[in-house]
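So our numbering is basically just the index in the sequence shown, starting at one, shifted up by 713.
Virtual Cβ for every residue (Gly too), placed ideally from N, Cα, C.
This one's a predicted model, so the numbers in the text were calculated from it and none came from an experiment.
Heads up, the thing below is written out as structure tokens.
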Amino acid sequence: MALKQLSVFLENREGRLEDLFNVFGENNIDIKSFSLAESTEYGVLRLIVSDPDKAKEALRNVDFSASLTDVIAVVLKGGFGSLQEVTDALPADLNIEYMYVLSTEAGHQSIVLKIKDIEKVEKVLIEKGFSLVD
């Protein structure tokens, strides 16, 4: 049930993010979630979008550097400590590379996780009663 995350490297200059949004608009690509990390010279925009393959191709056609990565999204059970419930359920030897929030149409709070052994993590989380976003 891995999701395809679109990662885009952006020059840290005025108008570059707007250029990206224009490409998405022209191609009817909906942003479901995103995380932006920046440095002095560039930023990395990680996105869950409605059509990741189409988005990647559209961006590459206008000289953006874009790639796809497998991630998983876990539905939080809600309430205090729900994020910790997810992290506590993970095997201690697995490292979370990064995570960010995902909003779903059903209104559930979910968390996107980048972790190396996705199949193992999916199995563990499902066995422990968590739902995954597909």
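For residue 729 and residue 841, the gap between their C-alpha atoms comes out near 42 Å. For residue 773, the enclosing alpha helix (DSSP H) stretches over residues 765–774. Rounded to whole angstroms, the gap between the alpha carbons of residue 802 and residue 715 is 18 Å. Taking a C-beta distance under 8 Å as the contact criterion, residue 799 and residue 787 qualify as a contact pair.
Measuring C-alpha to C-alpha distances from residue 770 to each of 720, 830, 826, 847 identifies 720 as the nearest. According to the DSSP assignment, residue 816 belongs to the beta strand (DSSP E) that extends over 809–816.
Counting other Cβ atoms within 10 Å of its Cβ, residue 797 stays below 16 and is therefore classed as exposed.
Under the DSSP assignment, residue 833 falls outside any beta strand (DSSP E), being part of the alpha helix (DSSP H) whose first and last residues are 831–840.
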